[in-house]
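The structure appears below as structure tokens.
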Amino acid sequence: MPRALAGLTFRDELLPSADWCKLYARLTTALPVAEACKRFVRALALADRQAHFATTPSHMIAFPRVTQHEIASYDYLEPSVPVTEMRCHA
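For the sequence shown, our numbering puts the final residue at 337, and the numbers step up evenly by one.
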């Protein structure tokens, strides 16, 4: 339960860094304790997911193989009218 964070006597030792302690203090100053705890736990969960993704070895991430096509393959889209004869309006 996020609100349990408010009553922990070893909360500061549990948090990852001094910056997290400062964030917790700012949230509890600005919001009701229950809301501050809920937001703080969400922030911790998000940081954990981002850290997990950042530490995933690249050989475990599927990178698609892309073959670049020739730019000339778009030639069929170009009208056969010379540029000097092109009109913007009919």
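For every residue, glycine included, the Cβ atom is placed at its ideal position computed from N, Cα and C. Computed from a prediction, not measured in an experiment: that's the story for all the values here.
Asked: Between which two residues does the alpha helix (DSSP H) carrying Asp322 extend?; Found: Note, Asp322: premise wrong, no alpha helix (DSSP H); not H, not E.
Asked: Mind checking which residues open and close the alpha helix (DSSP H) that includes Arg273?; Found: 265-277
Asked: Less than 7 Å between C-beta atoms, sequence neighbours within five positions excluded: which residues of the same chain meet that for Leu274?; Found: Ala283, Arg286, Phe287
Asked: Do Leu270 and Ala290 have their C-beta atoms within less than 9 Å of each other?; Found: yes
Asked: Going by other Cβ atoms of all chains shown within 10 Å of its Cβ, with 16 needed for buried, is Leu293 buried or exposed?; Found: exposed
Asked: Our contact map puts Ala281 next to Arg250 with C-beta atoms below 8 Å; I'd like the distance itself, whole angstroms only.; Found: 5 Å
Asked: Which residue comes first and which comes last in the alpha helix (DSSP H) that contains Glu260?; Found: 258-261
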